[in-house]
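One structure is given here, and the rest of the page talks about it.
Residue numbers (the numbering used here), protein chains in the order written: chain A, 1 to 668; chain B, 669 to 1336.
Here it is as structure tokens:
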């Protein structure tokens, strides 16, 4: 019995090709609270017997499983579904077995010969009696009665009717013997995250630039003053670049120059100085108490503060002297500075994760997260996770989320696809994406079809950013104001989670350090900036409207429901998202975007009306939630024209017509 | 460290998405001796270091691994290939690690600063010294010399040149440290079969019908007399239905009637009588000695005898009294006869594989194979394996092939797709297919694209049968002689392995028992038949030619090389197979078939000439190996017309033109 458990010899059902399952169950799938988990598998047995298939699920804190009967979809595919209701880790598995009673019942239904039926009734009575013996109370009594009736029918045909009685089948389904049960090879895991893991609007901001233009270094208190405005714009995550002491060794000057002046603040990613490292706060920003107050105030306004965690050190970081073993020293007594080619970080030492002392390093790094969780932080944007060992993340995120399942980890890895996917599999809640550089119709359709429809959606949750402090894409450099209108609208509607780096975004900051590059001129990474927030051309109101539309339309709060539609013009992009709502209504949003920032474009869009909950035979209203315009449409094909100077995007809510007794046109 | 081996913390490479791998490595892939195994995987590490990736493989009898360096294909995909050279089980796995020397070398190549280079050379010298310490003999001496040269270069730039010397890189590739190696989670298995597992032509025949028409029951000796003719037709497997004693209880009469006359021979699948069961020989056929002689004589002619193994019993089988626990008894003291709906086998008891005594039953069933292997049999056609538990087959075939890796098991399961695939995964060498019922262009293209191109080809080897004693497809009932010409030619060219049930096939037997059914009238299953083998309309010569074409053209000896081509007429089917041959030639066969047995059909085929080894700029010859006709073609599009009455199929060998100094047209 080399390759076989002897007890398995009589387990006749096979369970295979289970979905969802990431890498055959090696990694968990992800859900947020309230989402369904629909499980499918190929399940069958030898021969022609009837089988029963169960989906079981539980929180890992539970010992008992919840059970759901699976339904056959045909071609030996079975399906069942449940909902996850709490943050934390859950698991599911599948069971199947040959159901002797069901098999017997199917056979009985085909039998014609009376003598044959008499024998079959005895066999059935034995099965029912066996079930009666293995249960208790009413079930035993009732099943025994059924068995007696099967043994002593008025006639074979009466007995046959008893055997086929659906009530008996129900009793047996609940209490019948489960013999030789096959359990699927793997118990599959689900990480259940808070709803914000799927639906959130992020706003990134340098607290030190929250100034009045007095040339001073902004503080947490200054930042606090900006909270109502940011919350008012409809954001729900406020993401701060690192807030720790900044090293002075090899400090960067403005525009990434190598010789900083004495007043230059340096890059916040050059973490650590004499007054502390990853658990300390940069003194010019304030104190830990100030920070905790900021977090608390933000939360009162519905804003969760996301912290930047960057596992790297300025040469002045206390670790460098306290734990020299965590760095790789060269024969000349120096440490090679960090690189993310072609970028060079002369002000940063990387950790040596091949250090003999790696386990202490891991513990310390985990401790950093725990420290900030104690200060009230629940969301972490992790800087360059792809330059740290993969096993670190699986362990670290696993440990943190076991104790704090409400935490969210965003992977800031703009790198090769396999690596980004691996990080997502290992536990990162959300991931940055290539959206930042996807501009054409074809690129967007291909990439977002992959993100929203491929099996990778089970673990890879996109968070779309039209800009970051590191990336000012060429499209924004040269596209004018309308490019900013377009890209943030795409981000906010293509993705349930998106973010902008502001105020650079709403103030249309578009000058690059070097032509052909994507670094900001006078980047906040290296200097304090003053922003004139009240400028007339600010996109503040536009973004506020976008976020309100997202909040009011459940369709825009999910990624999986994205579908692209034909539009007959390569410069336009047309897609929809729809969600079922209460009372059988559908929230259906159709977006049409002009991807060309320089010319008016028009075309005929073609919508799958039935899928969008619209009666194809009647007129319906397309209500542009951005401009307020209302179009009366009928049928799937309709004409659209977008002038980028005016409005590069329609966000249309489809409203089906309702008739009243007075027969005016009303639209829901 | 709940979910992580602590030693893995520093293993920075990831290996995933390995192909081939059946169900993530749960099941072996299949190859025949001499075939390549091309392995691919996604392999990468964190950060920007250089990695090395190795493919290792070995026979399971070996302890040491053979190693092959993998090459990068781009996008973090790596590939390597090896050949299997002997029947038996092999295994392969992947290793990867961060190569510190390679990483150092890449960095060195980018360095410009002289002081930086001096430091780097010391780091490199340390790495080379470390490698020197861990090897022996010449390697130690040479590596130490390299290290010294790196430490004391004439100048930084000279040192840099030494560090980048390809010879040093070679020494380090062979002897450098392998630190923190990641091994792929699974060691993957390969079942290596004899070449006949892939390429074989089967002939099925009832020995009892090998008579001279004298009304007698044919014998093994009669069958022996037919061997030269069958071998002469080009077959290499002679498959015999069960040869065991046939029960008399509930024996079937002619045409599956329930009341056999005293002279009716019964179905050979009703196995077992007073004189023995699965290890005995039906006395009217001869003795075990006669059978062994038949096997031996066949082998001398290049024919391997395939035995039918049907795990079921006539009510008269000795098992029924000796092992009553192997059957499921009903309250009336009977056993329910076997069914394969809608078919009923009143003369057959199935085993009860849920028996308490199942383990003894399994041992006994394995013993049956071992017994016939001792008699010289190496190929088994297993009857209805899908009505026996799946775990039985994995265990049984695994055990048998461990001791006799040259054995071949053909699964006779005409059932639902998941079940057929499971049996193939579990160990069956070959499988019957749906070819028998696939007649239209679309059906054939879809099904054979799946069989030849899907990942399932790693484990599912088709064996195509246009007919079997159980199945006379409608197409043969009504299509006339040309339908027989067509279907056997399709089987012989679409599949490297195919078979016919003869002489019913070559003698165009086409009358069904019932209209709409697919059972033969006067089936040999229930009666002895006399066949007039010398009939003028016999397809014997045609089939002989098909088999010769298969033997002469390596392209037809493989399944994976099948490609379909446009033909512009739904009644035509056009496909090619090509194989590389010695001296850079390509054996390219193009088949064009008229699927309509009633009308002349024509169309324009379009061939991918480059893939077929033909110079698109020159004329080439299409030589019909069936008819001998030669067509001079040029370019990818050519006209074909097929009259089914004359010849429904072209089997064209493409011959590229060769020029000689006298400039006649010669074709290779």
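Glycine included, each C-beta is placed from N, C-alpha and C at the ideal position.
ask   = Between residue 972 (chain B) and residue 30 (chain A), what straight-line distance do the alpha-carbon atoms span, to the nearest angstrom?
value = Translated into positions along the second chain, residue 972 (chain B) becomes position 304. Translated into positions along the first chain, residue 30 (chain A) becomes position 30. Straight-line Cα distance between these residues: approximately 55 Å.
inquiry  = Measuring only the C-alpha atoms, how far is residue 830 (chain B) from residue 723 (chain B)?
reply    = As a working mapping, residue 830 (chain B) is identified with position 162 in the second chain. As a working mapping, residue 723 (chain B) is identified with position 55 in the second chain. Rounded to the nearest angstrom, the two C-alpha atoms are 30 Å apart.
key: Endpoints, alpha helix (DSSP H) assigned at residue 1212 (chain B)   = For the purposes of this step, residue 1212 (chain B) is taken as residue 544 along the second chain, with counting starting at 1. Segment 1208 to 1220, the alpha helix (DSSP H) holding residue 1212 (chain B).
query = For residue 352 (chain A), which beta-bridge partners are listed by DSSP?
reply = Sequence index remark: in the first chain, residue 352 (chain A) carries index 352 (1-based). According to DSSP, which records beta bridges pairwise, residue 352 (chain A) is partnered with nothing at all.
ask   = What residues from the stretch 1079 to 1094 of chain B come within 8 Å of chain A, judged by C-beta to C-beta, listed N to C?
value = From the stretch 1079 to 1094 of chain B, only 1084, 1085, 1086, 1087 and 1090 have a Cβ closer than 8 Å to chain A.
message = Please state whether the Cβ-Cβ distance between residue 83 (chain A) and residue 40 (chain A) is less than 8 Å.
response = For this step, residue 83 (chain A) is matched to residue 83 along the first chain. For this step, residue 40 (chain A) is matched to residue 40 along the first chain. Taking 8 Å as the Cβ cut-off, residue 83 (chain A) and residue 40 (chain A) do not qualify as a contacting pair.
key: Any C-beta of chain A under 8 Å from that of residue 691 (chain B)   = Residue mapping note: residue 691 (chain B) aligns to position 23 of the second chain, counting from 1. Judged by the 8 Å Cβ criterion, residue 691 (chain B) is in contact with chain A.
key: Alpha-carbon to alpha-carbon, residue 495 (chain A) and residue 558 (chain A)   = Within the first chain, the letter at position 558 stands for residue 558 (chain A). Within the first chain, the letter at position 495 stands for residue 495 (chain A). Taking the straight line joining both Cα atoms gives about 7 Å.
task = Give the secondary structure of residue 1235 (chain B) by DSSP, where H, G and I count as helix, E and B as strand, and everything else as coil.
result = Taking the second chain and counting its residues from 1, one reaches residue 1235 (chain B) at position 567. DSSP places residue 1235 (chain B) in coil when its eight states are reduced to three.
Collapsed DSSP secondary structure at residue 1102 (chain B) in the structure displayed = Residue 1102 (chain B) sits at position 434 when you count from the first residue of the second chain. In the structure shown, residue 1102 (chain B) sits in a helix (DSSP, three-state: H, G or I).
inquiry  = Looking at residue 669 (chain A): is its Cβ nearer than 8 Å to the Cβ of residue 530 (chain A)?
reply    = Since the first residue of chain A shown is 1 and the last is 668, residue 669 (chain A) is not available in this structure.
query = Roughly how many angstroms lie between the CA atoms of residue 3 (chain A) and residue 1063 (chain B), to the nearest whole one?
reply = Taking the first chain and counting its residues from 1, the one referred to as residue 3 (chain A) is at position 3. Taking the second chain and counting its residues from 1, the one referred to as residue 1063 (chain B) is at position 395. Legend: pLDDT at residue 3 (chain A) = 44, less than 50; position of this residue unreliable, value from coordinates given subsequently. Using only the alpha carbons, I get a separation of about 7 Å.
key: Exposure of residue 275 (chain A), with buried meaning 16 or more beta-carbon neighbours within 10 Å   = The count along the first chain starts at 1 and reaches residue 275 (chain A) at position 275. With fewer than 16 other Cβ atoms within 10 Å, it is exposed.
key: Option in A:616, A:640 and A:617 with minimal Cα separation from residue 623 (chain A)   = Residue 623 (chain A) sits at position 623 when you count from the first residue of the first chain. Residue 623 (chain A) has its Cα closest to that of A:640, out of A:616, A:640 and A:617.
query = Do residue 188 (chain A) and residue 91 (chain A) have their C-beta atoms closer together than 8 Å?
reply = What you label residue 188 (chain A) is simply residue 188 of the first chain in a count that begins at 1. What you label residue 91 (chain A) is simply residue 91 of the first chain in a count that begins at 1. Yes, the pair counts as a contact, with Cβ atoms nearer than the cut-off.
key: Residues bridged to residue 409 (chain A) (per DSSP)   = Here residue 409 (chain A) refers to the residue found at position 409 of the first chain. Beta-bridge analysis with DSSP links residue 409 (chain A) to A:380.
request  = Classify residue 782 (chain B) as buried or exposed, calling it buried when 16 or more other Cβ atoms lie within 10 Å of its own Cβ.
outcome  = Position 114 of the second chain, counted from the first residue, corresponds to residue 782 (chain B). Answer is exposed; the Cβ neighbour count stays below 16.
query = Which runs of the beta strand (DSSP E) spanning at least 3 residues fall entirely within the stretch 866 to 890 of chain B, listed in chain order?
reply = Entirely contained in the stretch 866 to 890 of chain B, the beta strand (DSSP E) runs reaching 3 residues are, in chain order, 868 to 872.
request  = Would you identify the three-state DSSP class for residue 345 (chain A), choosing helix, strand or coil?
outcome  = By one-based count along the first chain, residue 345 (chain A) stands at place 345. In the structure shown, the three-state DSSP call for residue 345 (chain A) is strand.
request  = Specify, as a first and last residue, the run of the alpha helix (DSSP H) that residue 808 (chain B) falls within.
outcome  = Against the second chain, residue 808 (chain B) aligns to sequence position 140. Element bounds for residue 808 (chain B): 805 to 819.
message = Any beta carbon from chain B within less than 8 Å of residue 42 (chain A)'s own beta carbon?
response = Along the first chain, one-based indexing puts residue 42 (chain A) at 42. Closer than 8 Å: yes.
request  = Kindly indicate the opening and closing residues of the beta strand (DSSP E) around residue 577 (chain A).
outcome  = Against the first chain, residue 577 (chain A) aligns to sequence position 577. Element bounds for residue 577 (chain A): 572 to 580.
query = Where residue 769 (chain B) and residue 839 (chain B) are concerned, what is the direct C-alpha to C-alpha distance, given to the nearest angstrom?
reply = The count along the second chain starts at 1 and reaches residue 769 (chain B) at position 101. The count along the second chain starts at 1 and reaches residue 839 (chain B) at position 171. Cα to Cα, residue 769 (chain B) sits roughly 11 Å from residue 839 (chain B).
ask   = residue 974 (chain B): buried (16+ other C-beta within 10 angstroms of its C-beta) or exposed?
value = As a first step, residue 974 (chain B) is located in the second chain; it is residue number 306 there, counting from the start. By the 10 Å Cβ count, residue 974 (chain B) comes out buried.
query = My guess is that residue 1319 (chain B) and residue 1268 (chain B) are in contact by the Cβ rule of under 8 Å, so how many angstroms apart are they, rounded?
reply = Walking along the second chain from the start, residue 1319 (chain B) turns up at place 651. Walking along the second chain from the start, residue 1268 (chain B) turns up at place 600. That pair is no contact at about 19 Å.
key: Top-ranked residue by Cα proximity to residue 1205 (chain B), from B:952, B:1238 and B:1171   = Residue 1205 (chain B) sits at position 537 when you count from the first residue of the second chain. That would be B:1171, whose Cα lies nearest to the Cα of residue 1205 (chain B).
key: Three-state secondary structure assigned by DSSP to residue 681 (chain B)   = Locating residue 681 (chain B) in the second chain gives position 13, where the first residue counts as 1. Three-state DSSP puts residue 681 (chain B) in a strand.
key: chain B contact residues for residue 172 (chain A), given Cβ-Cβ distances below 7 Å   = The count along the first chain starts at 1 and reaches residue 172 (chain A) at position 172. Going along chain B, no residue has its Cβ under 7 Å from residue 172 (chain A), so there is no contact; the nearest lies around 18 Å.
request  = Please list the partners that residue 386 (chain A) has in chain B, where partner means a Cβ-to-Cβ separation under 8 Å.
outcome  = Working through the first chain from its first residue, we reach residue 386 (chain A) at position 386. By Cβ distance, chain B contributes 714 and 715.
Alpha carbon of residue 925 (chain B) to alpha carbon of residue 932 (chain B), nearest angstrom = Counting from one through the second chain, the residue named residue 925 (chain B) turns up at place 257. Counting from one through the second chain, the residue named residue 932 (chain B) turns up at place 264. So the alpha carbons of these two residues sit roughly 11 Å apart.
CA nearest to the CA of residue 1266 (chain B), picked from B:1281, B:1276, B:1310 and B:755 = Counting from one through the second chain, the residue named residue 1266 (chain B) turns up at place 598. Comparing Cα-Cα distances from residue 1266 (chain B) to each of B:1281, B:1276, B:1310 and B:755, the minimum goes to B:1310.
key: Contact list for residue 123 (chain A) against chain B, beta-carbon separation under 8 Å   = In the first chain, counting from the first residue as 1, residue 123 (chain A) sits at position 123. Residues of chain B passing the Cβ test: 998 and 999.
key: 4 or more residues per run - each alpha helix (DSSP H) lying fully within the stretch 943 to 970 of chain B   = 956 to 968
key: Supposed contact pair residue 941 (chain B) and residue 913 (chain B) - C-beta distance, whole angstroms, cut 8 Å   = For the purposes of this step, residue 913 (chain B) is taken as residue 245 along the second chain, with counting starting at 1. For the purposes of this step, residue 941 (chain B) is taken as residue 273 along the second chain, with counting starting at 1. About 4 Å separates the two Cβ atoms, so the contact holds.
query = For residue 35 (chain A) and chain C, any beta-carbon pair shorter than 8 Å?
reply = You won't find chain C in this structure, because its protein chains are A and B.
request  = Take residue 1098 (chain B) as the anchor and find which of B:1133, B:1114, B:692 and B:834 has the nearest alpha-carbon.
outcome  = Walking along the second chain from the start, residue 1098 (chain B) turns up at place 430. Comparing Cα-Cα distances from residue 1098 (chain B) to each of B:1133, B:1114, B:692 and B:834, the minimum goes to B:1133.
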